[in-house]
Amino acid sequence: MPKKKAIVLDASAFIAGLDPFSLEGHAFTVPGVRSEVSPSSMGSLRLRLAEESGKLTVKEPSSEALEEARKASALLGDAIKLSDVDVELLALAIELKGEGYETLIITDDYAIQNVAKRLGIAFSPVATFGIKEGLTWVVYCPACFARFPGDLAVKECPICGTPLKRKPLRKGGGHGDRPS
Ligand SMILES: [Zn+2]
2 MPKKKAIVLD ASAFIAGLDP FSLEGHAFTV PGVRSEVSPS SMGSLRLRLA
52 EESGKLTVKE PSSEALEEAR KASALLGDAI KLSDVDVELL ALAIELKGEG
102 YETLIITDDY AIQNVAKRLG IAFSPVATFG IKEGLTWVVY CPACFARFPG
152 DLAVKECPIC GTPLKRKPLR KGGGHGDRPS
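Just so it is clear: in the sequence shown, position 62 is 63 by the working numbering, and no numbers are missing.
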């Protein structure tokens, strides 16, 4: 019998306009992703509709899976670039794989992709699913608002020392994800 498919979506998938209904397999994400997708956006609407219809399950990973995800990311030295939500997504993928699902993470986030690779979990960039605009990431300082490239390898602001944050930066910035 073919394995059941679990597709784990991160915020970049929703922000870039991926529709869970277009996926073959059941979609999963973690509660924290809701707060990373702006509330009035199409991404947020798609997330809610998919959840209400049962196409998408929003689920918190177990503490064992979280621990495993943290270990794998620490080994790669990617921990500084992974948010709590990123670690939860990886943990959810670990958990689903353990439950016998064929698991795929859809994300444009390189740090998540690297840790997934290490864990032997398949991943795909959002563009694979017909979404034209990939996301680029920007690292920024929440205190002095300085911006840095998304692959910056330090965790504190070189200007003022505040811990840096990271967010997806949509290319083009248009309003291309209207309902069809
Ligand atoms: Zn700063």
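Ideal Cβ positions, reconstructed from N, Cα and C, are used throughout, including at glycine.
* Could you spell out where the alpha helix (DSSP H) holding Lys118 opens and where it closes? => Tyr111 to Leu120
* Would you kindly work out how many angstroms separate the C-alpha atoms of Glu25 and Gly78, rounded to a whole number? => One C-alpha to the other measures close to 33 Å.
* On the premise that Ile107 lies in contact with Ala14, defined as a C-beta separation below 8 Å, what is that separation, rounded to the nearest angstrom? -> Indeed they touch by this definition, with Cβ atoms about 5 Å apart.
* Using the Cα positions of Thr104 and Glu52, report the straight-line distance between them to the nearest angstrom. => 19 Å
* Asked: Closer than 6 Å from C-beta to any heavy atom of ligand 1: which residues, in chain order?
  -> Cys142, Ala144, Cys145, Ala147, Cys158, Ile160, Cys161 and Thr163
* To do: Starting from the C-beta of Pro180, find all residues in its chain whose C-beta is less than 7 Å away, skip the five residues before and the five after it, and write them out in chain order.
  => The predicted position of Pro180 is uncertain, since its pLDDT is 42 and thus under 50; a value taken from the coordinates is nonetheless stated next. Here the set comprises Met43.
* Indicate whether Val9 and Ala112 have their beta-carbon atoms separated by less than 8 Å. => no
* To do: Could you tell me whether the Cβ atoms of Glu89 and Pro62 are closer together than 8 Å?
  => At a Cβ-Cβ threshold of 8 Å, Glu89 and Pro62 count as neighbours.
* Report buried or exposed for Glu96, applying the criterion of at least 16 other Cβ atoms within 10 angstroms of its Cβ. => buried
* Determine, using beta carbons only, whether Met29 and Ala7 come nearer to each other than 8 Å. => Note on residue identity: the sequence assigns Phe, not Met, to residue 29. Their beta carbons are under 8 Å apart, which means Phe29 touches Ala7 by this criterion.
* Asked: Excluding the five sequence neighbours on either side, which residues of its own chain have a C-beta within less than 7 Å of the C-beta of Lys98, listed in chain order?
  -> Thr104 and Ile122
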